[in-house]
Amino acid sequence: MKRWPVWAGPVLALAVLLLVFSFYTRPDFLLTVANQLWSCF
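Each residue of the sequence shown is one higher than the last, beginning at 1 in the working numbering.
Pasting the structure below:
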């Protein structure tokens, strides 16, 4: 099993944060996701 480089963790965390913040710039997308989530209940 290969070991991940030391920088892989922080880079992955930064990529996830940037993805989440990019969704906040598109409120219609968040509203659609929220509606789909609530329709399950």
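All C-beta atoms in this analysis are idealised placements derived from N, C-alpha and C, irrespective of residue type, glycine included.
task: In the DSSP assignment, find the unbroken alpha helix (DSSP H) run with PHE23 in it and report its ends.
output: Taking the sequence shown and counting its residues from 1, one reaches residue 23 at position 23. Unbroken alpha helix (DSSP H) run through PHE23: 8-24.
PRO27, enclosing alpha helix (DSSP H) - first and last residue: Residue numbering aside, residue 27 sits at position 27 when the sequence shown is read from its first letter. Unbroken alpha helix (DSSP H) run through PRO27: 27-39.
- prompt: Would you report the Cα separation of LEU14 and VAL20, rounded to the nearest angstrom?
  reply: Start at 1 with the first residue of the sequence shown, and residue 14 comes out as number 14. Start at 1 with the first residue of the sequence shown, and residue 20 comes out as number 20. Going from the Cα of LEU14 to the Cα of VAL20 covers about 10 Å.
task: Look at the alpha carbon of PHE23 and the alpha carbon of LEU17, and state the distance between them as a whole number of angstroms.
output: Walking along the sequence shown from the start, residue 23 turns up at place 23. Walking along the sequence shown from the start, residue 17 turns up at place 17. Computed Cα separation, rounded: 10 Å.
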